[in-house]
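Here's the structure, in structure tokens; my notes come after.
Residue numbers (my numbering): -4 to 257.
Structural data, given as structure tokens:
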């Protein structure tokens, strides 16, 4: 919800949410509260009939944040008070605590589990009775399943076919579907699974492996997203709505999909 490292204005967020709803999406995922997105998106989503996946950002220890920090406590308090006071819990389908926190070295499996457990208590005391998850790459979930599975209501992962060297745009959706099938086997009890972040970059044109694997480009993005929607659309969150030009140069800037949905 930011552009060029500045926060989007409330009216711009409302316009985005209106367009997202008009193009047939059911749910919006947000990652934290740094731009008041929990409030602005919640208000707009409620108005336009969308659901919300809330995110609790863990932060980075080197920035004075991280597990057990005031940063995390304040974020949880801001989210829970906003949604409780406005009566918005009915639009929340999932709360995701941490986004690749273990993968990025910001938390251990144990400290993430403790943070998630504490978050559950805070959200439930504020009236939320829904599910909780975290988002990590598949291998991180597999390596830490004994610690993570007991506290996850829904098993979430970020599944990016573009970063699998054997996957082309035409096979992106089958890769996601196969990965979700594998993810479902990690935790006992038949828990639901969700792909919390996926997509395909439209640029820089030709970036990737044109001979054997993933290649960035607008046509490739259209093909990949259609394949993902056809094969696993009901269990996938598409990253992202618009290009993020504030990110470092390269393919990370070009994941926006707003131009390819009618």
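From the three backbone atoms N, C-alpha and C, an ideal C-beta is built for every residue, glycine too.
Host beta strand (DSSP E) of residue i (start-end)
| i | result |
| --- | --- |
| residue 231 | 231 to 233 |
| residue 247 | From DSSP, residue 247 is part of no beta strand (DSSP E); its letter is neither H nor E. |
| residue 190 | 188 to 193 |
CA-to-CA distance, residue j to residue i, given in whole angstroms
| i | j | result |
| --- | --- | --- |
| residue 131 | residue 245 | 22 Å |
| residue 188 | residue 145 | 14 Å |
| residue 123 | residue 39 | 19 Å |
| residue 251 | residue 25 | 15 Å |
| residue 73 | residue 182 | 31 Å |
| residue 126 | residue 89 | 5 Å |
| residue 180 | residue 168 | 19 Å |
| residue 87 | residue 156 | 27 Å |
| residue 119 | residue 153 | 25 Å |
| residue 218 | residue 104 | 36 Å |
| residue 136 | residue 254 | 33 Å |
Residue i - containing alpha helix (DSSP H), residue span
| i | result |
| --- | --- |
| residue 220 | 213 to 227 |
Buried/exposed call for residue i, threshold 16 Cβ in 10 Å
| i | result |
| --- | --- |
| residue 44 | exposed |
| residue 95 | buried |
| residue 174 | buried |
| residue 200 | exposed |
The ligand FMN heavy atom lying under 7 Å from the CB of residue i
| i | result |
| --- | --- |
| residue 38 | As far as ligands go, the structure on display features none, and thus does not contain the ligand FMN. |
Mind listing, in chain order, the continuous beta strand (DSSP E) runs of no fewer than 3 residues lying wholly within the region 113 to 167?
-> 127 to 130, 150 to 153
Does the region 89 to 108 come close enough to the region 39 to 59 that 3 or more CB-CB pairs lie under 8 Å?
-> yes
Going along the chain, which unbroken runs of the beta strand (DSSP E) with 3 or more residues stay wholly within the region 8 to 96?
-> 22 to 24, 46 to 51, 87 to 94
Three or more beta-carbon pairs under 8 Å between the region 55 to 66 and the region 27 to 38, yes or no?
-> no
Just checking, does the region 161 to 172 make contact with the region 106 to 118 on the three C-beta pairs under 8 Å criterion?
-> no
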